[in-house]
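Same order as they appear, the protein sequences are chains A and B.
In terms of my numbering, the first sequence opens at residue 141 and continues consecutively.
In terms of my numbering, the second sequence opens at residue 32 and continues consecutively.
All residues carry an ideal CB built from backbone N, CA and C; glycine is no exception.
One structure is given below, encoded as structure tokens.
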Amino acid sequence: MKFILIALIGALAAIMANKEIAVFNDGLRPILPEHAEGRMSRKELAATSFAMCFGLVIGFGIPFSLTASILLIHCILLGTDIIGTFSPDGKKGLVIAGVVGALYGIGILVGLEGVVNAFKLLPVNFMGSLGQVGAPIVIAFAAFPALATGYQYGVKKGLFTLVISLLARQLAVVIGPIKIGTAAITINPEGAALIVGMIILIVFAMREKSDETAVDLASLFSERVKRIKANAPLLMVMGALIAGAAAYHIMAGDPISLNLMKEGKYLDAGFAALARGIGFIPLIASTAIATGVYGPVGMTFVFAIALFVGNPWLAAVLGAVCIGLEVLLLEKVAGFLDKFPGMRRSGENIRNAMSKLLEVALLVGGMNAANAMAPGIGFYMVIGLYILNEIAGKPVVRMAVGPIAAILVGVLINLLALLGLFTPPA
Amino acid sequence: MVKVVIGGQIEKENIARLVRELGGDQIQVEIKSDLQAAADVKAGKADYYLGACHTGGGGALSMAMALLTRAKCAIVSMPGKPPQEAEIARAVAEGRVAFGFTGDHYEKAVTHIVREVLQAKG
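Right under this line is the structure:
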């Protein structure tokens, strides 16, 4: 089942990238019309797409997927962006993209499982400790609405939101499950903190009024909006597949929900995915309208739906409906964002806050994981590698340094053990 | 006086601060939404557009590309590919006016862009 799902997702995503219907990398979207409208050759497009996506697959998608044994969607869809743009124009390209995309999907799944299994066979098994990379995220994710508020409205309001969210969290802990008759509703502490934080941020953001005359994006690019709508059926199929896979718990949309899913906290993961989706509305809507190219996972709400529903079949149906609604309401969304510029800015700040939070949480998680594998060596190596990456001008995305360094430490202690220079902690 | 608008998605405040620091009274900086910033450059109200996002080209440049065409834009850094001085110099010399980079790389990218831009206008 999971191989069929991944193969279908890989094939369809590569075809959609080839036909310039949808690409995952937000940076690639604006470049596609350049090729579609004849200002850029297929070869040039392929080279650009490779440069944009490959580093993210290796440096972002794969390390996260390895630490949790759940596929981060970036692994698959950045790869299919590359495959789709490399495949030639016309019918031939469609077939090539489809076949290679399917093989790639299966390859990634088998390859990652293979690597995880190979790691488990090493003399010093570090997979258990590696799981600790995500530990800080599982709690700290609830702080990001407060951080986004801080970015947007200053430290004071950020601190206010952080404290109120914390109170909401503790209240949920103290109250515990609410019993209504025989049914018990568990209030999840981090979920409560996250929701309260998001509400405060949204309230602040809605109070901002527009002062600059907005450019009416949707009417400026009405031809391109029409193009997306024409492709709605295909996009809905993709939404169904992705939602199905996410409900099947083989795939996550972002590193935060990935780590929550690994812990079996699917409801939390759903809330994190929902909040992240809100942050991505402005970016996806505006790049889509301006380019006529959509994203294969849309505004990422399909992940939230899948995690809330849990049943893959129902998730698939709702996933398709969700993408359909997103496309249908695209101009409405753009109009709403023009009326509430605070919401547009919130999107930016939510993404800012999430990446900063991940940077810190994953660095701490990476340090803890590496030090659990090899007391002393872990802290030494992870801090050393982090700062060397800074000195080198950050060739590795900052938030991936922690996980990658932890994996490297795991490999390193095996080499040292082979040389008789390392004895694993009892 | 060079007029610079900051669009893009992330690190906008930091980018603006750095441009001000480097440019002093030779540069006027304004933070805008990416769409408004790109529209200002198109209308001649600003000379250059700077923007960052996580990929260097997505949220950073999408509106600039849509309004100004790709020929006027340059992606000067991407994840795993830090900004190169020579590349930025070439882009400015070619008359590109909108620059995108990743949030990770903003310090280096902004430093080189401001220097090249001031030289070009100076």
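Exercise for the section: Check whether the segment 56-76 of chain B touches the segment 106-116 of chain B, counting contact only when three or more Cβ pairs, one atom from each stretch, lie closer than 8 Å. Expected result: Result no; under three Cβ-Cβ pairs closer than 8 Å.
Practice task
Just the C-alpha distance for T427/A and Y520/A, rounded to the nearest angstrom, thanks.
Solution key: Here residue 427/A is taken as the residue at index 287 of the first sequence, counted from 1. Here residue 520/A is taken as the residue at index 380 of the first sequence, counted from 1. Y520/A has its alpha-carbon roughly 42 Å from the corresponding atom of T427/A.
Practice task
Could you tell me whether the segment 387-401 of chain A touches the segment 262-278 of chain A, using the rule of 3 or more Cβ pairs below 8 Å?
Solution key: Three or more beta-carbon pairs separated by less than 8 Å link the segment 387-401 of chain A to the segment 262-278 of chain A, which places the two stretches in contact.
Exercise for the section: Would you verify that the beta carbon of Q40/B is, or is not, closer than 8 Å to some beta carbon of chain A? Expected result: Indexing the second sequence from 1 puts residue 40/B at position 9. Output row for Q40/B: interface = yes.
Problem - Cβ contact (3+ pairs, closer than 8 Å) linking the segment 442-455 of chain A and the segment 489-508 of chain A - result: These segments do not touch.
Handout entry: Identity of the residues DSSP links to V35/B by a beta bridge
Key = Working through the second sequence from its first residue, we reach residue 35/B at position 4. The partner list for V35/B (beta bridge, DSSP) reads V60/B, Y79/B.
Practice task
Consider the Cβ of E363/A: report whether some Cβ of chain B lies at a distance smaller than 8 Å.
Solution key: Counted from its first residue, the first sequence places residue 363/A at position 223. Chain B, which has no Cβ nearer than 8 Å to the Cβ of E363/A, makes this no.
Exercise for the section: Tell me, please, whether the CB atom of H143/B is closer than 8 Å to any CB atom in chain A? Expected result: As a position in the second sequence, residue 143/B is number 112, starting the count at 1. Between H143/B and chain A, the shortest Cβ-Cβ separation is not below 8 Å.
Exercise for the section: Give the secondary structure of K296/A by DSSP, where H, G and I count as helix, E and B as strand, and everything else as coil. Expected result: In the first sequence, residue 296/A corresponds to position 156, counting from 1. In the structure shown, K296/A adopts helical secondary structure according to DSSP, grouped into three states.
Practice task
Could you tell me the distance, in whole angstroms, from the CA atom of L414/A to the CA atom of L149/B?
Solution key: As a position in the first sequence, residue 414/A is number 274, starting the count at 1. As a position in the second sequence, residue 149/B is number 118, starting the count at 1. One C-alpha to the other measures close to 44 Å.
Practice task
For A95/B, name the three-state secondary structure that DSSP assigns.
Solution key: Position 64 of the second sequence, counting from 1, holds the residue named residue 95/B. The three-state secondary structure of A95/B, taken from DSSP, is helix.
Handout entry: Short-range partners of chain A found in the segment 115-143 of chain B, where Cβ spacing is below 9 Å
Key = Those would be G131, T133, G134, D135, H136, K139, in chain order.
Problem - Through-space distance from A493/A to A282/A, alpha-carbon basis - result: Here residue 282/A corresponds to residue number 142 of the first sequence, with the count starting at 1. Here residue 493/A corresponds to residue number 353 of the first sequence, with the count starting at 1. Each residue's Cα considered, the two are about 11 Å apart.
Handout entry: Span of the beta strand (DSSP E) around G432/A
Key = Here residue 432/A refers to the residue found at position 292 when the first sequence is read from its first residue. Neither: G432/A is in no beta strand (DSSP E) and is coded neither H nor E.
Exercise for the section: Let me know the secondary structure DSSP gives I320/A once reduced to three states. Expected result: In the first sequence, residue 320/A corresponds to position 180, counting from 1. Shown here, I320/A sits in a strand according to DSSP, grouped into three states.
Practice task
Measure from the alpha carbon of R484/A to the alpha carbon of each residue in E348/A, K159/A, I327/A, F259/A, then state which is nearest.
Solution key: By 1-based counting over the first sequence, the position of residue 484/A is 344. Of the residues E348/A, K159/A, I327/A, F259/A, the one whose Cα lies closest to the Cα of R484/A is E348/A.
Exercise for the section: Compare the C-beta of M94/B with all C-beta atoms of chain A and state if any pair is closer than 8 Å. Expected result: In the second sequence, counting from the first residue as 1, residue 94/B sits at position 63. Among the residues facing chain A, M94/B is included, as its CB has a counterpart in that chain under 8 Å away.
Practice task
Within 10 angstroms of the Cβ of S205/A, are there 16 or more other Cβ atoms? Answer buried if so, exposed if not.
Solution key: Start at 1 with the first residue of the first sequence, and residue 205/A comes out as number 65. Here S205/A is buried. Its C-beta has 16 or more other C-beta atoms within 10 Å.
Exercise for the section: Indicate, with yes or no, if the ligand FMN has a heavy atom lying under 7 Å from the CB of S205/A. Expected result: Looking at this structure, you won't find the ligand FMN or any other ligand, since it has none at all.
Handout entry: 8 Å contact criterion, which F441/A and I335/A should meet: CB distance rounded
Key = The residue you call residue 441/A lines up with position 301 of the first sequence. The residue you call residue 335/A lines up with position 195 of the first sequence. Under the criterion of beta carbons closer than 8 Å, F441/A and I335/A do not qualify as touching, at roughly 16 Å.
Practice task
Grab me the residues of G245/A's own chain with a C-beta within less than 7 Å of its C-beta, minus the 5 sequence neighbours each way, in chain order.
Solution key: Looking up residue 245/A in the first sequence gives position 105. Cβ neighbours of G245/A beyond the five flanking positions: I146, A147, I149, G150, I216.
Practice task
Kindly indicate which residue of P228/A, L211/A, L261/A, Q272/A has the alpha-carbon position closest to the one of G247/A.
Solution key: Working through the first sequence from its first residue, we reach residue 247/A at position 107. Each of P228/A, L211/A, L261/A, Q272/A was checked against the Cα of G247/A, and the nearest Cα belongs to L211/A.
Exercise for the section: Output the residue ranges of the beta strand (DSSP E) runs that lie fully inside the segment 94-145 of chain B and measure 3 residues or longer, sorted by chain position. Expected result: The segment 94-145 of chain B contains these whole beta strand (DSSP E) runs: 104-106, 129-133.
Exercise for the section: Can you tell me which of the three DSSP states A532/A falls into? Expected result: What you label residue 532/A is simply residue 392 of the first sequence in a count that begins at 1. Secondary structure at A532/A: coil, using DSSP grouped into helix, strand and coil.
Practice task
Just the C-alpha distance for E177/A and A162/A, rounded to the nearest angstrom, thanks.
Solution key: Taking the first residue of the first sequence as position 1, residue 177/A is located at position 37. Taking the first residue of the first sequence as position 1, residue 162/A is located at position 22. In this structure, the straight-line span from the alpha carbon of E177/A to that of A162/A is close to 16 Å.
Handout entry: Cβ pair S350/A, D166/A closer than 8 Å
Key = The count along the first sequence starts at 1 and reaches residue 350/A at position 210. The count along the first sequence starts at 1 and reaches residue 166/A at position 26. S350/A places its beta carbon 8 Å or farther from that of D166/A.
Practice task
Would you check if the segment 75-95 of chain B and the segment 124-143 of chain B touch, i.e. whether three or more CB-CB distances between them fall below 8 Å?
Solution key: Yes, the segment 124-143 of chain B touches the segment 75-95 of chain B.
Practice task
Tell me, please, whether the segment 32-46 of chain B touches the segment 535-544 of chain A by the rule of three or more beta-carbon pairs shorter than 8 Å.
Solution key: Result no; under three Cβ-Cβ pairs closer than 8 Å.
Problem - M376/A burial status per 10 Å Cβ neighbour count (16 or more: buried) - result: Translated into the one-based positions of the first sequence, residue 376/A becomes position 236. It counts as buried.
Problem - Chain-order list of residues whose beta-carbon lies under 6 Å from that of G233/A (same chain, five-residue window excluded) - result: Stepping through the first sequence from its first residue, residue 233/A is reached at position 93. The residues are N158, S227.
Problem - Per-residue contacts from R101/B into chain A (C-beta, under 8 Å) - result: Along the second sequence, read from residue 1 onward, the residue named residue 101/B stands at position 70. For R101/B, the chain A residues whose Cβ falls inside 8 Å of its Cβ are P170, I171, E174, R179, M180, in order along the chain.
Handout entry: Contacting positions in the segment 35-60 of chain B - beta carbon closer than 9 Å to chain A
Key = Flagged, chain order: G39, Q40, I41, E42, K43, E44.
Exercise for the section: Output the distance between the C-alpha atoms of E403/A and G271/A, rounded to the nearest integer angstrom. Expected result: To locate residue 403/A, count along the first sequence from 1; it is residue 263. To locate residue 271/A, count along the first sequence from 1; it is residue 131. Distance between the alpha carbons of E403/A and G271/A: 10 Å.
Problem - Residues that L211/A bridges to, as DSSP identifies them - result: Counting from one through the first sequence, the residue named residue 211/A turns up at place 71. L211/A pairs with M391/A.
Problem - Closer than 8 Å to chain A by CB, K76/B - result: As a first step, residue 76/B is located in the second sequence; it is residue number 45 there, counting from the start. It does not; no Cβ of chain A falls within 8 Å.
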